[in-house]
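Input: a single structure, listed below in structure tokens.
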Amino acid sequence: MNVQFFIEVLVGGLLSGVMYALVALGFVLIYKASGVFNFAQGAMVFFAVLSFVGFMELGLPFWAALPVTVVLMVATGMLTERFVLRPLVSQSEDTLLMATIGLAFVIEGMAQLVWGVDVRRLDLGIRDEPIGWFMDSTGILVSQLDITAGVVAGLMVAILALIFSRTKVGRGLRAVADDHAAALSVGIPLKHIWGLVWATAGIVALVAGMLWGARSGVQFALIGIALKALPVLIIGGFTSVPGVIVAGLIVGAAEKLTEVYFGPMVGGGIEGWLPYVLAVFFLLIRPEGLFGEKIIRRV
Amino acid sequence: MLYREAGQFHTSYTSDRQLFPLKQDRIGMVIMLLVAFVAIPLLSSDYWLSAILIPWLILALVALGQNILMGYAGQLSLGSAGFMAAGAFACYNLILRVPDIPFLLAVLLSGLIAACIGILFGLPSLRIRGLYLAVATLASQFFIVWALDKFGWFKNYDPAGVISAQQIVMFGHTFASPAEKYLVVLSIVAVLTLLAKNMARGSTGRAWRAVRDMDVAAEVMGLSLLRTKLQAFAISSFYCGVGGALFAFAYLQTVEPSAFNIELSFRILFMVIIGGIGTILGSFLGAGFILLMPVFLNILFHAVAGHAVDATILSALEQIIFGALIIIFLIVEPLGLARIWQLAKERLRLWPFPH
Numbered sequence: 123m124n125v126q127f128f129i130e131v132l133v134g135g136l137l138s139g140v141m142y143a144l145v146a147l148g149f150v151l152i153y154k155a156s157g158v159f160n161f162a163q164g165a166m167v168f169f170a171v172l173s174f175v176g177f178m179e180l181g182l183p184f185w186a187a188l189p190v191t192v193v194l195m196v197a198t199g200m201l202t203e204r205f206v207l208r209p210l211v212s213q214s215e216d217t218l219l220m221a222t223i224g225l226a227f228v229i230e231g232m233a234q235l236v237w238g239v240d241v242r243r244l245d246l247g248i249r250d251e252p253i254g255w256f257m258d259s260t261g262i263l264v265s266q267l268d269i270t271a272g273v274v275a276g277l278m279v280a281i282l283a284l285i286f287s288r289t290k291v292g293r294g295l296r297a298v299a300d301d302h303a304a305a306l307s308v309g310i311p312l313k314h315i316w317g318l319v320w321a322t323a324g325i326v327a328l329v330a331g332m333l334w335g336a337r338s339g340v341q342f343a344l345i346g347i348a349l350k351a352l353p354v355l356i357i358g359g360f361t362s363v364p365g366v367i368v369a370g371l372i373v374g375a376a377e378k379l380t381e382v383y384f385g386p387m388v389g390g391g392i393e394g395w396l397p398y399v400l401a402v403f404f405l406l407i408r409p410e411g412l413f414g415e416k417i418i419r420r421v
Numbered sequence: 077m078l079y080r081e082a083g084q085f086h087t088s089y090t091s092d093r094q095l096f097p098l099k100q101d102r103i104g105m106v107i108m109l110l111v112a113f114v115a116i117p118l119l120s121s122d123y124w125l126s127a128i129l130i131p132w133l134i135l136a137l138v139a140l141g142q143n144i145l146m147g148y149a150g151q152l153s154l155g156s157a158g159f160m161a162a163g164a165f166a167c168y169n170l171i172l173r174v175p176d177i178p179f180l181l182a183v184l185l186s187g188l189i190a191a192c193i194g195i196l197f198g199l200p201s202l203r204i205r206g207l208y209l210a211v212a213t214l215a216s217q218f219f220i221v222w223a224l225d226k227f228g229w230f231k232n233y234d235p236a237g238v239i240s241a242q243q244i245v246m247f248g249h250t251f252a253s254p255a256e257k258y259l260v261v262l263s264i265v266a267v268l269t270l271l272a273k274n275m276a277r278g279s280t281g282r283a284w285r286a287v288r289d290m291d292v293a294a295e296v297m298g299l300s301l302l303r304t305k306l307q308a309f310a311i312s313s314f315y316c317g318v319g320g321a322l323f324a325f326a327y328l329q330t331v332e333p334s335a336f337n338i339e340l341s342f343r344i345l346f347m348v349i350i351g352g353i354g355t356i357l358g359s360f361l362g363a364g365f366i367l368l369m370p371v372f373l374n375i376l377f378h379a380v381a382g383h384a385v386d387a388t389i390l391s392a393l394e395q396i397i398f399g400a401l402i403i404i405f406l407i408v409e410p411l412g413l414a415r416i417w418q419l420a421k422e423r424l425r426l427w428p429f430p431h
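The structure is reproduced here in structure tokens:
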């Protein structure tokens, strides 16, 4: 086996894993803070970046479109809290999951209705082609965009991990995730906290969407990519922010390596399902994910 | 007044536990079956039969399968379309490769094949629960559709990657017209529904519900989780597989694996939520609702706008309305249309003299 080639594929996989981790981060954020598995995160990613590109097409410059989109995403988050989550407080996890599937449909439909279904390009001014000198010296293809994604993901993980473990808000969030009713009864302002979290998730979605959009164009398929964040999430454990990055790297690398080495034997396309099967195997060994908290169930 | 149990005494346990303890229900059932088997094939137009009634019955069957798993056994699954695909392609290959196989046997076997696959993908449910399981079931959805897509053998190496379902031949007769196909579908669906109703009320159904409500408690009481959960997965996949086979043979005719995509799984999930989680009737109501909704919207927008609305706008609006309905149902009536019907029946007991 060619070691050089192996490393190339591995690095490519790890880099795409970072991108998955970015999307998965939004899921973890909401799950950790409210115990809701937000199936609509993919739709939010799509909606955020589509709106961003849409505003730019309307003639807004980059630095004006960004805050407008942020405001839009915050508003979306607040509305979600008001009309979807607040009436469903202390329902079962499954019910909340199904509600967010409904929410995903609403957001996708809105995005199509407002901005149309065309594929759009997004130019962030960050080049997505291999950096010349790095390729010449090591033979590995890494682009500026890859590095940006890595740095952004690392930063966001660090900030979120700090907020969750060190601040008062973070403690409140973890309490809410544990038990809605109990958190309410000790006086944690559920309304504000959820609004805040969903707004933050909207912003995380925008960041992830912008990086994805810059790579593969702003299109409907982004939602499918976001679905791949789910196995990343369960491998890492729903409740672990750093777990997301590790799991993202595992999924990205495994997916690319199997596609390159075993894909030709079966005609390719392994990438479509491998993350899910991988997730199942991880779960069989560690049902709470790599970094998740072990939940003991009693009668 | 019209609908009450007064005067109907059950003197034995058997009569108390029968499927339809009320006389009115029994009469209603017979009338409904007569209408379904005799009046509808005679009176309906081909359009109604082939575009509405056949898919409605088939999707109701699949929703029933999903409901068994989700509503009765409490295992949230997002992969039902994958099992439909397995059933459809199994049926196609059985008829193609096994000479002189009776159609009904092929449908039955394809259901069983889907059930085996269902058991395989149900195995993780023994270790993981809830949300983790929901994501794990996505593996079945993506893997099955991918496998059918990639391996030409399943499609008899068709260059376009689609299969054309064979004619339905039973007892030397070819069922080709919409009315005939409708009768085939209706018979299968009726038998399987009766079976489901029976399972749901008996010890099987009680075991499922115990696992749904609290699996640890069920285990402590001596239920085998392994058996109960895998049984639910197998039976649910069996229904989905039979539904998928009928979907290909009686409804679509030409099918590609990607027809059974995750969108379809979601639609089936929505049928169960809107129709009513954990009820047989709900599966039928939900399937009808989800199926007729776009038709109804189309007519409505046509009437409001005065002209045909752009297809992309219509599909976007449809999506928004579906999503919103799901949320509204979950908030306002988590038990769905079936619950509304049940409440109506309660009212009917007293109507028209409520005092």
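Heads up: the sequence lines are chains A and B, in that order.
Be aware that the first sequence starts at 123, since it is given in our numbering, and climbs by one per residue.
Be aware that the second sequence starts at 77, since it is given in our numbering, and climbs by one per residue.
For each residue, glycine too, the CB sits at the ideal point set by N, CA and C.
Chain-ordered chain B contacts of residue i [CB-CB under 8 angstroms]
i: V167 of chain A; result: Simply none; closest approach about 17 angstroms.
i: V239 of chain A; result: T388
Below-8 angstroms beta-carbon distance, residue i vs any chain A residue
i: I350 of chain B; result: no
i: L44 of chain B; result: Beyond the ends of chain B as shown, which are 77 and 431, falls residue 44 of chain B; an answer cannot be given.
i: V265 of chain B; result: no
i: A210 of chain B; result: yes
i: A215 of chain B; result: yes
i: F219 of chain B; result: yes
Residue i to residue j span [Cα, whole Å]
i: V287 of chain B; j: T222 of chain A; result: 25 angstroms
i: K305 of chain B; j: I311 of chain B; result: 10 angstroms
i: F325 of chain B; j: I244 of chain B; result: 7 angstroms
i: A252 of chain B; j: M246 of chain B; result: 11 angstroms
i: L328 of chain B; j: T213 of chain B; result: 25 angstroms
i: N232 of chain B; j: D289 of chain B; result: 45 angstroms
i: H249 of chain B; j: V318 of chain B; result: 21 angstroms
i: V382 of chain A; j: I144 of chain B; result: 40 angstroms
i: G278 of chain B; j: A272 of chain B; result: 10 angstroms
i: T380 of chain A; j: L371 of chain A; result: 14 angstroms
i: A321 of chain B; j: M108 of chain B; result: 25 angstroms
i: V133 of chain A; j: N169 of chain B; result: 42 angstroms
i: L259 of chain B; j: S201 of chain B; result: 37 angstroms
i: A327 of chain A; j: T198 of chain A; result: 12 angstroms
i: A182 of chain B; j: V140 of chain A; result: 47 angstroms
i: E409 of chain B; j: R208 of chain A; result: 16 angstroms
i: E394 of chain B; j: F227 of chain A; result: 9 angstroms
Contact set between residue i and chain A, taken where Cβ atoms lie within less than 7 angstroms
i: R203 of chain B; result: L405, L406 and P409
i: W222 of chain B; result: G391, G394 and W395
i: I403 of chain B; result: V206, A221, G224 and L225
Listed by chain order, chain B residues near residue i by CB distance under 7 angstroms
i: P209 of chain A; result: I407
i: V388 of chain A; result: K226
Run of the beta strand (DSSP E) containing residue i, from where it starts to where it stops
i: T250 of chain B; result: H249 to F251
Unbroken alpha helix (DSSP H) run spanning residue i, endpoints
i: I244 of chain B; result: I244 of chain B -> not in any alpha helix (DSSP H); beta strand (DSSP E) instead, spanning I244 to M246.
i: G276 of chain A; result: Q266 to R288
i: M105 of chain B; result: K99 to L110
i: Q94 of chain B; result: Premise fails: Q94 of chain B is in no alpha helix (DSSP H) and is neither H nor E.
i: A241 of chain B; result: Element bounds for A241 of chain B: n/a, residue is neither H nor E.
Min CB distance residue i to chain B below 8 angstroms
i: E381 of chain A; result: no
i: M220 of chain A; result: yes
i: I315 of chain A; result: no
i: V402 of chain A; result: yes
i: V399 of chain A; result: yes
i: L352 of chain A; result: yes
i: F159 of chain A; result: yes
i: I345 of chain A; result: no
Contacts that residue i makes with chain A (C-beta to C-beta distance below 8 angstroms)
i: I389 of chain B; result: L235
i: G206 of chain B; result: E215 and D216
Contact list for residue i against chain A, beta-carbon separation under 9 angstroms
i: P370 of chain B; result: Those do not exist, as P370 of chain B stays about 13 angstroms from chain A at its closest Cβ, beyond 9 angstroms.
i: A162 of chain B; result: Those within 9 angstroms of A162 of chain B in chain A number zero; the least Cβ separation is about 14 angstroms.
Chain B contact residues for residue i, given Cβ-Cβ distances below 9 angstroms
i: G139 of chain A; result: Neighbours of G139 of chain A on chain B: none; closest Cβ ~17 angstroms, over 9 angstroms.
i: M195 of chain A; result: Those do not exist, as M195 of chain A stays about 18 angstroms from chain B at its closest Cβ, beyond 9 angstroms.
i: E230 of chain A; result: A392, Q395, I396 and G399
i: F413 of chain A; result: Near F413 of chain A there are no residues of chain B at all, since even the closest Cβ is about 14 angstroms away, more than 9 angstroms.
Closer than 8 angstroms to chain E by CB, residue i
i: P178 of chain B; result: Of the protein chains in this structure, namely A and B, none is chain E.
beta-carbon residue i near the ligand HEM non-hydrogen atom, thresh 7 angstroms
i: L201 of chain A; result: Here there are no bound small molecules, and the ligand HEM is not part of this structure.
List, from N- to C-terminal side, the alpha helix (DSSP H) runs of 4 residues or more that fit wholly inside the region 354 to 395 of chain B. 356 to 381
Return the chain-ordered ranges of every alpha helix (DSSP H) run that is complete within the region 118 to 166 of chain B and spans a minimum of 4 residues. 130 to 143
In chain order, which continuous runs of the alpha helix (DSSP H) of length 4 or greater are located wholly inside the region 307 to 375 of chain A? 312 to 338, 344 to 349 and 351 to 358
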